[in-house]
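Asks: Per my numbering, the sequence shown starts with residue 1, numbered consecutively. Beta carbons: idealized from backbone N, C-alpha and C, even for Gly. A quick note: this is a predicted structure, and the numbers were derived from the prediction, not measured.
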Amino acid sequence: MLNMKKEITYNTGKNTDKILSSSKSEIPAEDLERISDDIIAALKTVYDPEIPCDIFELGLIYKIDVEDDYMVKILMTLTAPGCPVAGEMPKWIENAVGAVEGISGVEVSITFDPPWSPDLMSEEAQIATGYY
């Protein structure tokens with residue numbers, strides 16, 4: 001499923017910030033490392049208004065693809081299908097990640113497969129929200 005040139009995969013906030021890449025990528029490794037760090041930092045500025053934790057630590061980000069043209073595609077979920085900010089949160093993410101230097105654009109897609117659960121949160125988020 002790695003059709004993108006560079007992919008950062010985080011099935012949960014528990015995963016490390018490792019970059020999985022296609023050997024055919026045209027993005028220099030040092031650029032991708034900087035962009036990866038900056039994307040994660042940007043995502044950590046976006047909070048679910050109902051839970052006192054950022055969306056990255058909540059485990060809402062399932063996948064991040066960085067294409068050779070520096071287009072960023074993010075696959076995410078929400079805490080519930082009826083989330084009151086479902087229409088707004090993708091724009092918040094697009095704005096935050098779109099401010100990363102060198103990014104050509106951002107597309108955010110939402111999936112509910114697999115559905116979100118507190119088990120997807122990082123340990124830090126579980127402690128902060130009382131789920132630990």
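#1: When burial is assigned at 16 or more other CB atoms within 10 Å of the CB, is Asp119 buried or exposed?
#2: Considering only residues of the same chain and omitting the five flanking positions on each side of Pro49, which have a CB-CB separation below 7 Å?
#3: Within a Cβ cutoff of 6 Å, which residues of the same chain sit near Tyr131, ignoring the five residues on either side of it in sequence?
#4: Are the CB atoms of Ala125 and Cys53 nearer to each other than 8 Å?
#5: Smallest Cα separation from Trp116: which of Ala128, Thr79, Pro90, Thr129?
#6: What separation, rounded to the nearest whole angstrom, lies between the Cα atoms of Met121 and Thr45?
#7: Contact check, Ser104 vs Tyr70 under 8 Å by CB: the rounded distance?
#8: If you follow the alpha helix (DSSP H) that Gly98 is part of, which residue opens it and which one closes it?
#9: So what's Glu117 in DSSP terms, helix, strand or just coil?
#10: For Val97 versus Leu58, is the C-beta distance shorter than 8 Å?
#11: With DSSP collapsed to three states, give me the class of Glu50.
#12: Taking Cβ positions, are Ile64 and Ile27 nearer each other than 8 Å?
Replies: Considering the structure as presented:
#1: What you label residue 119 is simply residue 119 of the sequence shown in a count that begins at 1. Flag for Asp119 reads exposed.
#2: Here the question's residue 49 lines up with position 49 in the sequence shown. So the qualifying residues of the chain are Val85.
#3: If you number the sequence shown from 1, residue 131 lands on position 131. Same-chain partners within the cutoff: Pro118.
#4: As a position in the sequence shown, residue 125 is number 125, starting the count at 1. As a position in the sequence shown, residue 53 is number 53, starting the count at 1. Yes.
#5: The count along the sequence shown starts at 1 and reaches residue 116 at position 116. Looking at the Cα atoms, Thr79 is the closest of the given residues.
#6: For the purposes of this step, residue 121 is taken as residue 121 along the sequence shown, with counting starting at 1. For the purposes of this step, residue 45 is taken as residue 45 along the sequence shown, with counting starting at 1. The straight-line gap from Cα to Cα measures roughly 16 Å.
#7: As a first step, residue 104 must be located in the sequence shown, where it is residue number 104. As a first step, residue 70 must be located in the sequence shown, where it is residue number 70. At roughly 4 Å, the Cβ-Cβ gap stays under 8 Å, so Ser104 and Tyr70 are in contact.
#8: For the purposes of this step, residue 98 is taken as the residue at position 98 of the sequence shown. Where Gly98 is concerned, the enclosing alpha helix (DSSP H) stretches over 89–98.
#9: Walking along the sequence shown from the start, residue 117 turns up at place 117. For the sequence presented, residue 117 should be read as Ser rather than Glu. Ser117: coil per DSSP, three-state reduction.
#10: Along the sequence shown, one-based indexing puts residue 97 at 97. Along the sequence shown, one-based indexing puts residue 58 at 58. The Cβ atoms of Val97 and Leu58 lie no closer than 8 Å to each other.
#11: In the sequence shown, residue 50 corresponds to position 50, counting from 1. Note: Glu50 maps to coil in three-state DSSP.
#12: The count along the sequence shown starts at 1 and reaches residue 64 at position 64. The count along the sequence shown starts at 1 and reaches residue 27 at position 27. No; because the gap between Cβ atoms is not below 8 Å, this pair is not in contact.
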